[in-house]
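Residue numbering for the sequence shown follows my numbering, starting at -17 and increasing by one per position. All C-beta atoms in this analysis are idealised placements derived from N, C-alpha and C, irrespective of residue type, glycine included. Nothing here was measured: the structure is a model prediction, and the numbers come from that model. Report on the structure given below.
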Amino acid sequence: MFSGRLIFRIFFAVLLGIIVSACVDTEPEAELSAEAIVVGAGISGLSAAVEMGRAGVNVLVLDRNSVMGGHAVMAGGFAVVDTPIQNKLGFQDTPELAYQDWMDWTEDGDPGWTRYYAENSRRMIYDWVEEMGAEWVRVASGWENSIPRFHYTDRGALGVVLALFRTALELPNITFRWNESVESLVVSEGRVTGAVTRNLRTSHEETLSARYVVLATGGFAGNLDRVRANWSPDLPEPGRLLIGSSVHATGSGHDLAVQAGAALTKMNRHYIYNNGIVDPRDPAGTLSITGGNEDSLWVNAQGQRFTNETGRDKRILVDFLEQNPATYWAVFDESARDTFAMRGREWVNNPMDGHSVLDNPDITHKAPTLETLASMAGISGQALRASVQRFNELVESGVDEDFGRFSSQADAPPKIQQPPFYALQFFPMTRKSMGGIAIDTKGHALSEAGEVVSGLYAVGEANGSAGINGKHGMDGMFLGPSVVTGRVA
Ligand SMILES: Cc1cc2nc3c(=O)[nH]c(=O)nc-3n(C[C@H](O)[C@H](O)[C@H](O)COP(=O)(O)OP(=O)(O)OC[C@H]3O[C@@H](n4cnc5c(N)ncnc54)[C@H](O)[C@@H]3O)c2cc1C
């Protein structure tokens, strides 16, 4: 019935199968804690878990926090290419256009991941989470995009987190454990085979085994020592730097990866924001809240204007960090009080409700004259008056000859002239990490020699959002790559 050659082929295929499974299944299935352990239940960990869970993989998700979502619960939107919302507004987007825009802005974004993202963001993010119940409602523009690409659901990124989490809960092969901190990885014969965890409430320690470990531990923007130790050589380092991300973003996953033999890459790439306000609730004075007023004039500690306040953020950051010290006061008058908007989770539904900040004398100075205002802020009254006078002259002329902020009367902000006057002090703040654990195109962690660290993957901000942001961060290009790299891995 069978030819000798066919019998030989069947025998060979069976033998190969035995050899392959012997290599991969280093431990019998029953003895594994899970096939895959995902460390971190932020948006990248949830994406990886759902993708694996739907493929039938038995997944255990560990998070040292007691709730899901990581930073995404306080975040906004996603960069996506060629969507129904864009089309409805008359914008015809293409992956090629997006790729060019992003490579131009970032200067050295990872070309492979940028192209992959441009070609797949619609399918891998927008359509995927919409099918799980997330509702996309609007798209916004940004400096890096020649057409609007910054997409929001009706609840910001929380809408996506909830859709993912709900889907994960419906899959019986995905288990979550909260308050579980992964303290080290188990490495056996060059392969990552598990993780050692410690429960932060009970201090119970446990060694878990798995075939794959996915690090979805986020960035390190909450770790000022680490940010400073990896400061970008292209930028002056500020004396005071605030934290604009969660304190959980310590880079613990980076340490785990290094311990298992992985390399870190582009660690000196950070998305530093220029609008950190000291959070009065933090006794240490390192945490920040953020907001701003498009009508304000910014002056440095010498009372002088130094930048185009509404210009490109990457340009503003350089101008800002070049000030000595790196701080500025946003100065505006009573007529602009109502255009002051707060950003972030607490104000997401009511950004204009910044009155708690404007009426707090610990944060905002308020005075009937510019001289009093300057003395409250500790800057020269003469210099402040001269800067405001010059600003008002430029507004009246309709052309900002000094910094190019406006070129017509229609674009010019109102003059600063109606007391009381306000001065709100800003510092640079960390927000997102753009470098991290080195990965290949499949999300495997890589060693210094560029070799795959067997059994280990890194997704989301832990891998520096796949290097797509290059030297300059982009709107929606942290959440988006978290979903995409999570699914790819
Ligand atoms: C205020 C704010 C607004 C933002 N807005 C936007 C936006 O509009 N668009 C955008 O694209 N990006 C935005 N970002 C960035 C974006 O939210 C993050 O890049 C993204 O959510 C990262 O997801 P992640 O899953 O990779 O990591 P994270 O969200 O940081 O999640 C990591 C998880 O891992 C857990 N963890 C860490 N270490 C361990 C350990 N050792 N053991 C167990 N668990 C561990 C943490 O508790 C956490 O839950 C914003 C960030 C902030 C702070």
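Rounded C-beta distance between residue i and residue j? I'm assuming under 8 Å.
i	j	result
Glu187	Val178	7 Å
Gly449	Trp95	6 Å
Ser485	Gly442	Nothing about residue 485 can be reported from this structure: the residues present for the chain run from -17 to 471 only.
Val142	Ala54	7 Å
Asn281	Trp311	One point to set straight first is that residue 281 is Val, not Asn, in the sequence displayed. Sure, about 6 Å apart at Cβ, within 8 Å.
Lys424	Gly455	Not really, about 25 Å apart at Cβ, beyond 8 Å.
Ala57	Gly124	No, Ala57 and Gly124 are not in contact; Cβ-Cβ is about 15 Å, not under 8 Å.
Asp277	Thr346	About 15 Å separates the two Cβ atoms, so there is no contact after all.
Asn161	Ser48	5 Å
Glu89	Gly452	5 Å
Met85	Pro93	7 Å
Asp75	Arg131	7 Å
Gln68	Ile129	7 Å
Arg294	Asp384	No, Arg294 and Asp384 are not in contact; Cβ-Cβ is about 17 Å, not under 8 Å.
Val39	Glu17	5 Å
Which partner residues does residue i have in the DSSP bridge list?
i	result
Tyr98	According to DSSP, Tyr98 bridges with nothing at all.
Lys414	Tyr253
Asn181	Glu162
Tyr501	Residue 501 lies beyond the stretch modelled for the chain, which goes from -17 to 471, so this question has no answer here.
Gln407	Trp311
Ile259	Ile271
Tyr514	Residue 514 cannot be examined here, being either before or after the span of the chain that is shown, -17 to 471.
Val209	Beta-bridge pairing links Val209 to no other residue.
Leu71	Answer by DSSP bridge pairing: none, since Leu71 is not bridged.
Leu224	Met411
Ser191	Gly176
Arg325	Thr272
Trp280	Ala312
Leu428	Val434
Arg287	Val281
Leu197	Val21, Ala440
Leu246	Ile419
Residue j and residue i - do their beta-carbons sit closer together than 8 Å?
i	j	result
Leu279	Val370	yes
Phe202	His236	yes
Ile419	Ala239	yes
Ser270	Met411	yes
Gly22	Ala198	yes
Ser436	Val174	yes
Leu146	Val32	yes
Tyr404	Arg297	no
Asp457	Ala61	yes
Val41	Asn155	yes
Leu224	Val300	no
Leu14	Arg159	no
Gln407	Ala359	yes
Ser191	Gly172	no
Ser185	Val465	no
Tyr134	Gly59	yes
Ala245	Leu438	no
Gly387	Asn275	For clarity, residue 387 is Arg in the given sequence; the question names Gly instead. Contact: no.
Arg325	Thr268	no
Trp213	Asn256	no
Arg222	Phe73	no
In or out: residue i buried (at least 16 other Cβ within 10 Å) or exposed?
i	result
Arg105	exposed
Arg469	buried
Ser3	With a pLDDT of 43 at Ser3, under the threshold of 50, the predicted position of this residue should be treated as unreliable, though the coordinate-derived value follows. Ser3 comes out exposed.
Thr189	exposed
Ser227	buried
Ala37	exposed
Ala266	exposed
Asn445	buried
Gln400	exposed
Ser447	buried
Arg208	buried
Phe460	buried
His337	exposed
Asn205	buried
Gly200	buried
Asp315	buried
Gly91	buried
Arg64	Before going further, note that residue 64 is Asp rather than Arg in the sequence given. Counting Cβ neighbours within 10 Å, Asp64 comes out buried, since at least 16 surround it.
Leu(-3)	Only weak support exists for where Leu(-3) lies, its pLDDT of 48 falling under 50; the coordinates are left without a value.
Pro220	buried
Thr351	exposed
Under a CB-based cut-off of 8 Å, is residue i close to chain B?
i	result
Gln74	Among the protein chains of the structure shown there is no chain B, as only one such chain exists.
Completely contained beta strand (DSSP E) runs for the stretch 332 to 400, where each covers 3 or more residues = 346 to 349
In the stretch 19 to 68, which residue ranges form an unbroken alpha helix (DSSP H) of at least 4 residues, counting only runs that do not cross its ends?
-> 25 to 36
What beta strand (DSSP E) runs, 3 residues minimum, are completely inside the stretch 112 to 172?
-> 118 to 122, 132 to 138, 156 to 160, 162 to 170
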